[in-house]
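Engineer: I'd like to ask some things about the structure below.
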Amino acid sequence: MVARITTFAFEGIAANPVDVQVHMAGGNQPAFMIVGLPDKAVAESRERVRAAFSAIGLALPPKRITVNLAPADLPKEGSHYDVPIALGLLAIMGILSPDSLDGHAAIGELSLEGRLEATVGVLPAAMQALEMDLRLICPQVCGAEAAWAGDGNLAAPNLISLINHFCGRAPLSCPPPGELAPRPHAPDLKDVKGQDGAKRILEIAAAGGHNLLFCGPPGSGKSMLAKRLPGLLPDLSARELLEASQIQSVAGLLERGKLSRARPFRAPHHSASMAALVGGGMRARPGEISLAHHGVLFLDELPEFSGQVLDSLRQPLEDGEVTISRANRHVKYPARFQLIAAMNPCRCGGGDGSCRKGPRCAEQYQSRLSGPFLDRIDLFYDTPAVTAIDLTLPPAAEGSAEVATRVKTAREQQAHRYASRSPGGPRPLNVDATGDDLSKFAAPDEAGQRLLTDAASTFSLSARAYHRVLKVARTIADLEGSDAVRRIHVAEALSYRRRAPQIGASARPGALAQ
Ligand SMILES: [Zn+2]
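The opening position of the sequence shown corresponds to residue 409 in our numbering, with each subsequent residue numbered one higher.
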């Protein structure tokens, strides 16, 4: 006889169904085995289940017990197999009726006292269970998270409550979805005095989802400006919210099922390891770039990041997802983020000719950024040093709220334009426009085209850089409410490339090689 229940193996944010089959046979050598490619945590499940059973006064029968996790070729990792294994055992031992587990899936770790402990990945598991028309049994503490996927899940505090539920003594239910976390207070653009050019470029970046690099001496307000980007962005859509939250769920970052509609803003330090940034490590956990999915990744002191790390961002910046290679397979995570970066002009922080080592210093420092990496940045801006006069300026007339309204309108135009895009694919934003989109929607008028062609040959723009200029021009036209991309839009877009002549000079050969 075999008892069975469904659980899930996580691969990225995909919850793959796993059939937990528990078999018991007579014989004079009692054993308890778990087969089907379990990792160490799964194998240790035996000890936790045994202890949890004895805590509630149950002993495993002295027989040969085999737990098979099918399909056998799918690696099983983590401690969340405890609960499905325990339920299968209860059924095979006759404590639950054999067919009571039908239509259920389960996930959760067991404590030695028989409590159901929190586990990662409840949200994607609940969504997959719903798709398979199964009720998900999860730990009580994760119930509010599971409820986001839909109704009908079961949240249990301990093993006893599960037995009581299936015996019809005390039916379990599921708590309502966790509340939406209030939008965190985002710093306001109003606090930034002067810097009109930087604010304009921030607005363009927010409107079209463009990647942006600020370059300027220390104290010129680069990070202050960057941190104000989230305040200009619209809330996550319902679909984006679920996608971003699934990643947080797998990373174990969803507290009490609280989801947040605010776009993620991640600012890893430049000493962050490759695994921390792009994902990987023991269980191929999502990295910062995935936690920034549908939000903003801020890299301060950009050239201080290792070249290897920066180059690993190139693919995600293009495809919106990252592939983490493991010994025997590849794990994919979504990583559709907007990059905003900041840097000093040279290592010693000088700029405006204040560095005593001369221009070589800046050249060396900036050459740490490869041409192909810089080619993925749409907007470059040199932030000037803040002068004493700037500090005496009155507070800015316009704050984040006003800018956010214009950004919203511009984004609505883009959503309309790219409405045919499939969900989960490219964002309906100009930054993700394809070559076809650009020739259809962003072909400049005659004067604009002439200007662009001239600039492309004068500055030897790579094909990618050429397209990036067009995307930015399209966004500038959108902010103006203009259907046509005109010369003035192209000119402004070009000005944001040319503002980085030193970067261009030292890195351009690589860009052309791309
Ligand atoms: Zn220097």
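Heads up, the beta-carbon is just placed ideally off N, CA and C, and yes, glycines get one too.
Since this is a predicted model, take the numbers as computed values, not measurements.
Can you tell which of 464, 435, 571, 559 has the C-alpha that lies nearest to the C-alpha of residue 492?
Structural biologist: For the purposes of this step, residue 492 is taken as residue 84 along the sequence shown, with counting starting at 1. The shortest Cα separation from residue 492 among 464, 435, 571, 559 belongs to 571.
Engineer: Which runs of the alpha helix (DSSP H), 4 residues or longer, sit entirely within the segment 822-880?
Structural biologist: Fully enclosed alpha helix (DSSP H) runs of 4 or longer: 843-849, 854-866.
Engineer: Excluding five sequence neighbours on each side, which residues of the same chain lie with their C-beta closer than 8 Å to the C-beta of residue 409?
Structural biologist: Residue numbering aside, residue 409 sits at position 1 when the sequence shown is read from its first letter. Once the five neighbours on either side are set aside, the close Cβ partners of residue 409 are 431, 432, 500, 506.
Engineer: Measure the CB-CB distance between residue 697 and residue 724 and report whether it falls below 7 Å.
Structural biologist: On the sequence shown, position 289 is the one that residue 697 refers to. On the sequence shown, position 316 is the one that residue 724 refers to. Contact flag set, yes.
Engineer: So, helix, strand or coil for residue 886, using DSSP?
Structural biologist: The sequence position of residue 886 within the sequence shown is 478, counting from 1. Here residue 886 sits in helix by DSSP.
Engineer: Go ahead and pull the three-state DSSP assignment for residue 623.
Structural biologist: Residue mapping note: residue 623 aligns to position 215 of the sequence shown, counting from 1. Looking at residue 623 - three-state DSSP - the assignment turns out to be strand.
Engineer: Please give me, in chain order, every unbroken run of the alpha helix (DSSP H) with length at least 4 that falls completely inside the segment 612-700.
Structural biologist: Here the runs fully enclosed are 630-634, 646-658, 682-686, 696-699.
Engineer: Can you give me the C-alpha to C-alpha distance between residue 576 and residue 504, rounded to a whole angstrom?
Structural biologist: In the sequence shown, counting from the first residue as 1, residue 576 sits at position 168. In the sequence shown, counting from the first residue as 1, residue 504 sits at position 96. So the two alpha carbons sit approximately 10 Å from each other.
Engineer: Counting only the same chain and skipping the five closest in sequence on each side, list residues whose C-beta sits under 6 Å from that of residue 453.
Structural biologist: Residue mapping note: residue 453 aligns to position 45 of the sequence shown, counting from 1. Result list for residue 453: 489, 490, 493, in chain order.
Engineer: Residues in its own chain within less than 7 Å of residue 630 by CB, not counting five upstream and five downstream?
Structural biologist: What you label residue 630 is simply residue 222 of the sequence shown in a count that begins at 1. Within the same chain, residue 630 has close Cβ partners 622, 624, 750, 791.
Engineer: Assuming residue 819 contacts residue 642 (C-beta within less than 8 Å), just tell me the rounded distance between them.
Structural biologist: The sequence position of residue 819 within the sequence shown is 411, counting from 1. The sequence position of residue 642 within the sequence shown is 234, counting from 1. At roughly 6 Å, the Cβ-Cβ gap stays under 8 Å, so residue 819 and residue 642 are in contact.
Engineer: Tell me which residues share the same chain as residue 769 and place their Cβ nearer than 8 Å to its Cβ, disregarding the 5 neighbours each side in the sequence.
Structural biologist: Walking along the sequence shown from the start, residue 769 turns up at place 361. The residues are 754, 755, 756, 758, 763.
Engineer: Find the nearest neighbour of residue 449 within the set 437, 421, 483, judged by alpha-carbon distance.
Structural biologist: Sequence index remark: in the sequence shown, residue 449 carries index 41 (1-based). It is 483.
Engineer: In angstroms, rounded to a whole number, what distance separates the CA positions of residue 840 and residue 600?
Structural biologist: Mapped onto the sequence shown, residue 840 falls at position 432. Mapped onto the sequence shown, residue 600 falls at position 192. C-alpha separation (whole angstroms): 30 Å.
Engineer: Considering residue 723, what are the terminal residues of the alpha helix (DSSP H) in which it resides?
Structural biologist: Reading the sequence shown from its first residue, position 315 is the one you call residue 723. That run of the alpha helix (DSSP H) goes 722-727.
Engineer: Is the beta carbon of residue 563 less than 7 Å from the beta carbon of residue 542?
Structural biologist: Against the sequence shown, residue 563 aligns to sequence position 155. Against the sequence shown, residue 542 aligns to sequence position 134. Cβ atoms of residue 563 and residue 542: not closer than 7 Å.
Engineer: Are there any heavy atoms of ligand 1 lying less than 6 Å away from the beta-carbon of residue 756, as far as the coordinates show?
Structural biologist: Taking the first residue of the sequence shown as position 1, residue 756 is located at position 348. Yes.
Engineer: Across the segment 526-535 and the segment 548-564, are there enough close Cβ pairs to call them in contact, namely three or more that are closer than 8 Å?
Structural biologist: Taking 8 Å as the limit for Cβ pairs, the verdict is that the segment 548-564 does touch the segment 526-535.
Engineer: Under 6 Å from any heavy atom of ligand 1, does the C-beta of residue 765 make it?
Structural biologist: As a working note, residue 765 is residue 357 in the sequence shown. Residue 765 Cβ: within cutoff of ligand 1.
Engineer: What are the start and end residues of the alpha helix (DSSP H) that includes residue 535?
Structural biologist: If you number the sequence shown from 1, residue 535 lands on position 127. Here the alpha helix (DSSP H) through residue 535 covers 530-539.
Engineer: Could you check where the alpha helix (DSSP H) with residue 601 kicks off and where it finishes?
Structural biologist: The sequence position of residue 601 within the sequence shown is 193, counting from 1. Looking at the DSSP string, residue 601 is not in any alpha helix (DSSP H), and its letter there is neither H nor E.
Engineer: Could you check if residue 769 belongs to the surroundings of ligand 1, using beta carbon to heavy atom distance under 6 Å?
Structural biologist: Sequence index remark: in the sequence shown, residue 769 carries index 361 (1-based). Flag set: Cβ of residue 769 near ligand 1.
Engineer: Taking only three categories from DSSP, how would you classify residue 427?
Structural biologist: As a working mapping, residue 427 is identified with position 19 in the sequence shown. Residue state, collapsed to three classes: strand.
Engineer: Buried or exposed: which applies to residue 905, given that a residue is buried once 16 or more other Cβ atoms fall within 10 Å of its Cβ?
Structural biologist: Taking the sequence shown and counting its residues from 1, the one referred to as residue 905 is at position 497. It counts as buried.
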